[in-house]
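A.B. asks: Residue numbers (this note's numbering): 347 to 588.
Backbone N, C-alpha and C fix where the C-beta goes; we use that ideal spot for every residue, glycine too.
1. For the 8 angstroms Cβ check, are there 3 or more pairs between the stretch 545-554 and the stretch 516-531?
2. Using the DSSP secondary-structure output, state which residues sit across from residue 562 in a beta bridge.
3. Is the stretch 438-445 close to the stretch 390-399, with three or more CB pairs under 8 angstroms?
4. Is it right to say residue 462 is buried, meaning 16 or more other beta carbons lie within 10 angstroms of its own, or is it exposed?
5. Excluding five sequence neighbours on each side, which residues of the same chain lie with their C-beta closer than 6 angstroms to the C-beta of residue 403?
6. Between residue 350 and residue 459, what straight-line distance do the alpha-carbon atoms span, to the nearest angstrom?
7. Please classify residue 401: does DSSP put it in a helix, a strand, or coil?
8. Does the beta-carbon of residue 491 have 16 or more other beta-carbons within 10 angstroms, so that it is buried, or is it exposed?
9. Determine the burial state of residue 422: buried for a count of at least 16 other Cβ atoms within 10 Å of its Cβ, exposed for fewer.
10. Kindly give me the distance between the Cβ atoms of residue 509 and residue 473, rounded to whole angstroms, as I take these residues to be in contact under 8 angstroms.
11. Are the stretch 498-505 and the stretch 519-535 touching by the rule of at least three beta carbon pairs closer than 8 angstroms?
12. Indicate the three-state DSSP secondary structure (helix, strand or coil) for residue 588 in the structure shown.
13. Does residue 475 pass the burial test, meaning 16 or more other C-beta atoms within 10 Å, or should it be called exposed?
14. What did DSSP end up calling residue 381 once you bin it into helix, strand or coil?
15. Can you list, in chain order, the residues of its chain with a C-beta nearer than 7 angstroms to that of residue 481? Leave out the 5 residues immediately preceding and following it.
Here you go:
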């Protein structure tokens, strides 16, 4: 996504891989990709140091997970852009990465946004890959640790509104996001004194603590911190029911 020009990214996978792997097109493609990354508002000239490899489907590249593009390229003596293009071709585009940003927002700045009553918490974390973004495992326990217990951005009741009730209403998910008779029993039991995230960029799969019991549609899926094996979850579609 941050590298391929749109005319290549829009192609069917087999055609895109053929273009990327075609050495007769490599010089032009290398220039386009490098310019796209270097002029990105999020990445900029230091882009090889700001893209960390999260998932490469090609088994022979598993050694590169958790390295930046520059680190991986240096290990085998190629340029970062050539490593990226070769990896995309070898993995048939099944790749994901963690991208740093040039100007991250501080917790205080985020708190001002989160305090707005229309704010809803969510995560686009991707669980696939050997070294995913820590947001996949840590977003919601971070919300509770930082913005309830430490910063007091929210009360506990506010947290329920921002992370559960309002999203369920906004997306029309039926009788969810509330604790009342007749509602779907999606529930978590939180220890307000200890809930915290442990996932970091170095250890992205660190599990949250202080949430030891979780119920999905009334079935206990986490009991005393251990998975029960129950799989009651399902995909949801918008419902007109309120």
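C.D. replies: Let's see:
1. no
2. 565
3. yes
4. exposed
5. 437 and 440
6. 32 angstroms
7. strand
8. buried
9. exposed
10. 19 angstroms between Cβ atoms; not a contact.
11. no
12. Note that residue 588 scores a pLDDT of 49, beneath 50, so its modelled location is shaky; the value from the coordinates is reported in the next line. Here residue 588 sits in coil by DSSP.
13. buried
14. helix
15. 469 and 471
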